[in-house]
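Working notes for the structure below.
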Amino acid sequence: MRTIPKISNPFQLLQEKQRLDQRRVELEKAIHYDWRDLKDSLQPKNIAKQVISKSFNRKEHGKENDIMTGSISLLVAKFTRKMFEKAGVKIDEWLKK
Numbered sequence: 380m381r382t383i384p385k386i387s388n389p390f391q392l393l394q395e396k397q398r399l400d401q402r403r404v405e406l407e408k409a410i411h412y413d414w415r416d417l418k419d420s421l422q423p424k425n426i427a428k429q430v431i432s433k434s435f436n437r438k439e440h441g442k443e444n445d446i447m448t449g450s451i452s453l454l455v456a457k458f459t460r461k462m463f464e465k466a467g468v469k470i471d472e473w474l475k476k
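Residue numbers for the sequence shown follow this note's numbering, beginning at 380 and rising by one.
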């Protein structure tokens with residue numbers, strides 16, 4: 380943490396104000412990018428990618444990990460199948476019009 384410098388004249392006050400404004404802008408940008416990354420990582424397609432990649436790139440060989448990974452993989456597979464079925468129905472309806 381930075382200590383607050385002693386300000387002895389108006390020029391130093393102006394410099395400190397500019398430094399704080401610049402720091403505020405940097406922090407706002409960081410928050411914006413973090414928020415965007417968080418929203419992106421919570422999309423269903425990205426969650427599925429993360430689960431699938433973790434299930435194929437296992438580094439731990441514990442029995443609990445295998446059971447949990449298998450369960451999650453089954454859930455993702457069922458979810459994906461239902462999405463494709465719904466998409467197929469929508470495409471069929473669209474083509475019949």
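We put the beta carbon where it would ideally sit given N, CA and C, even for glycine.
Here S387 carries a coil assignment [DSSP, helix/strand/coil]. Here V404 is not near A427, since their CB atoms are 7 angstroms or more apart.
Linking D416 to Q429 through their CA atoms gives a straight-line distance of about 14 angstroms. Rounded to the nearest angstrom, the gap between the Cα atoms of L399 and Y412 is 20 angstroms. A direct Cα-to-Cα measurement between K433 and F463 gives close to 22 angstroms. Taking a C-beta distance under 7 angstroms as the contact criterion, L392 and I386 qualify as a contact pair.
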